[in-house]
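Straight run, no breaks: the sequence shown in the working numbering ends on number 228. To start, the structure under review is shown below, and the notes come after it.
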Amino acid sequence: MLRSFAEKLMRNRLVKRRLPNGVAIFVSPDSQLKYLKREFDQDLSAIAKEFIRDSSVVWDVGANCGVLAFSAAKARQILAIEADPFLAHVLQESVALSGVPVTVVTAAVFSKPSLARFSIARRGRASNFLTDVGGRSQTGGERSQIVVPTVTLDNLLDISLPPTFVKIDVEGAEIDVFEGAERLLGQARPTIYFEAGTSTVDRCCEILKAANYTISQRSTTDWLAQPE
1 MLRSFAEKLM RNRLVKRRLP NGVAIFVSPD SQLKYLKREF DQDLSAIAKE
51 FIRDSSVVWD VGANCGVLAF SAAKARQILA IEADPFLAHV LQESVALSGV
101 PVTVVTAAVF SKPSLARFSI ARRGRASNFL TDVGGRSQTG GERSQIVVPT
151 VTLDNLLDIS LPPTFVKIDV EGAEIDVFEG AERLLGQARP TIYFEAGTST
201 VDRCCEILKA ANYTISQRST TDWLAQPE
C-alpha cells in the first residue's frame, strides 16, 4: 500500500542526482523509487568504468534515465535509445543540464522498423515493455498503452559511427533486438552488455555464438558478449 502510494506520488517528477563519475543528471522516481534514496544501478557505472574509453562509441538501448549513457560521458559518441517519450524528455533535460552530447533517439529497438504498442508499467517506467512481446514480473501490471516507432540496431548504423559498446535492457524484447542486428554483429562487432531472463537468454546466446561472440554471465540476468 505505501509503495503504491509513493509510486503514484512520484509520477512525472524529476530530481537531480550526481553519478559516480561526477556528471549531474535528472532522474525520475517514476522510473525507479530507489532514485529517491540517491541510489543508482551500480553495475552500469562499473561496466562503463571497465569498458568505456575516450575513443568509444556507445549505444544505450533501453536507456531509461541514462545512467549508462552519462556514465560514458568521456566517450567519442553516445546514443541513448528510449521508447518512452517521458523518459526521452528526462534524457534531453540531462543533456541540457550536464552538457554531455548524448544523442537521444525516441524509439523502441526491435527486429524491424515499424510501429508497435508499448506498455507503460504500473510499478515504474524502468519496467516498460513492448506490449506484444511481454515484460517481466516486476511490472505490476499496465498503467497505459501508447504507440511508438520501432527501429533496428542495423538502422542505427545509418545515423551513428559503428558502436564499440552496446548496452541492451529491453524487458523481454532482447531476441527481437538481436534479430535486427545482422550488420551490427557481422561488421561493427561491438562488446555487448545485455539483460536477459530465463525465457530469452538461450536464443540470445544462440544468435551471438553464431556471430562468433563469446558470452559470460555477469549476474543472474546480466550477460557480456565479446567478439572473438
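Note that beta-carbon positions come from the ideal geometry of N, C-alpha and C, so glycine has one too.
- Under DSSP, Leu115 shares a beta bridge with Pro149.
- Between Ala173 and the set Tyr213, Gly197, Val58, the nearest pair of CA atoms involves Gly197.
- Residue nearest to Phe26 within the set Ser219, Glu195, Ser216, Gln92 is Gln92 (criterion: CA-CA distance).
- Secondary structure of Ala63 (DSSP, three-state): coil.
- Arg183 carries a helical assignment under DSSP once its states are collapsed to helix, strand and coil.
- By the neighbour-count criterion, in which a residue is buried when 16 or more other Cβ atoms sit within 10 angstroms of its Cβ, Asn155 is buried.
- Residue range 24–27 is occupied by the beta strand (DSSP E) that includes Val27.
- Setting aside the 5 residues that flank it on each side, Lys209 is surrounded in the same chain by Ile215, each with a C-beta closer than 8 Å to its C-beta; the list follows chain order.
- According to the DSSP secondary-structure assignment, Val58 is paired through a beta bridge with Ile78, Phe165.
- In this structure, DSSP gives Pro227 an extended state, which the three-state scheme calls strand.
- Rounded to whole angstroms, the gap between the alpha carbons of Ile81 and Arg203 is 23 Å.
- Taking a cut-off of 8 Å on C-beta distances, the stretch 94–113 touches the stretch 143–152, as three or more cross pairs fall below it.
- Counting only unbroken stretches of 4 or more residues, the alpha helix (DSSP H) elements lying wholly within the stretch 189–225 are 201–210, in sequence order.
- Asn64 counts as buried, since at least 16 other C-beta atoms from the protein chains shown sit within 10 angstroms of its C-beta.
- Counting every other CB atom within 10 Å of its CB across the protein chains shown gives Asn128 a total of 16 or more, marking it as buried.
- Closest by C-alpha distance to Asp41, out of Ala225, Ser71, Pro163, Trp59, is Ser71.
- Between the alpha carbons of Gly141 and Arg122 lies a gap of roughly 5 Å.
- In the DSSP assignment, Val90 falls within the unbroken alpha helix (DSSP H) covering 85–98.
- Within 10 angstroms of the beta-carbon of Ser98 lie 16 or more other beta-carbons, which makes it buried.
- Here Ile47 carries a helix assignment [DSSP, helix/strand/coil].
- In the structure shown, the three-state DSSP call for Glu142 is strand.
- If you look at Thr103, you'll find it in the beta strand (DSSP E) that goes 102–105.
- Nearest in C-alpha terms to Thr103, of all of Ala75, Ser114, Phe194, is Ala75.
- Minimum Cα-Cα distance from Asp176 among the listed residues Ser56, Leu130, Arg13, Gln145 corresponds to Leu130.
- The residues Ala211, in chain order, have a CB closer than 7 Å to that of Gly186 in the same chain once the five nearest residues on each side in sequence are set aside.
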